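Residues are numbered in my numbering as their position in the sequence shown, beginning at 1, plus a constant of 1. Everything on this sheet refers to the single structure shown next.
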Amino acid sequence: MERKKITELYGVKLKPRLIIQPKASVNMSTPAEREDVLRSIRKVIAEHREVLVALKDR
């Protein structure tokens with residue numbers, strides 16, 4: 002089964018992927034910091050799933 006590529010999302014034309022280096026680092030040396038980081042990641046994924054999937058499939 003072949004997926005249809007999304008070329009536009011919310012009126013914005015998607016361009017080919019670019020490698021972007023991180024601008025900040027995250028410290029996960031303690032269990033509490035690790036939980037905070039993982040919770041934040043899950044929140045971003047949950048709120049922006051449609052956009053992330055479209056960007057992945059472009």
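In this text, a Cβ means the ideal position worked out from N, Cα and C, and glycines have one as well. Remember, it's a predicted structure, so these values are computed and weren't measured experimentally.
For the alpha helix (DSSP H) containing Glu3, name the first residue and the last one.
Per DSSP, Glu3 belongs to no alpha helix (DSSP H) and is neither H nor E.
Expressed to the nearest angstrom, what Euclidean distance is found between the alpha-carbon atoms of Pro23 and Glu51?
Approximately 22 Å between the Cα atoms of the pair.
Distance check for His49 and Ile7, CA to CA, integer angstroms please.
Cα to Cα, the separation comes out at about 16 Å.
I need the boundaries of the alpha helix (DSSP H) containing Pro32, first residue and last residue.
Note, Pro32: alpha helix (DSSP H), Pro32 to Glu48.
Which value, in whole angstroms, describes the spacing of the CA atoms of Thr31 and Asp37?
Rounded to whole angstroms, Thr31 to Asp37 spans 10 Å at the Cα level.
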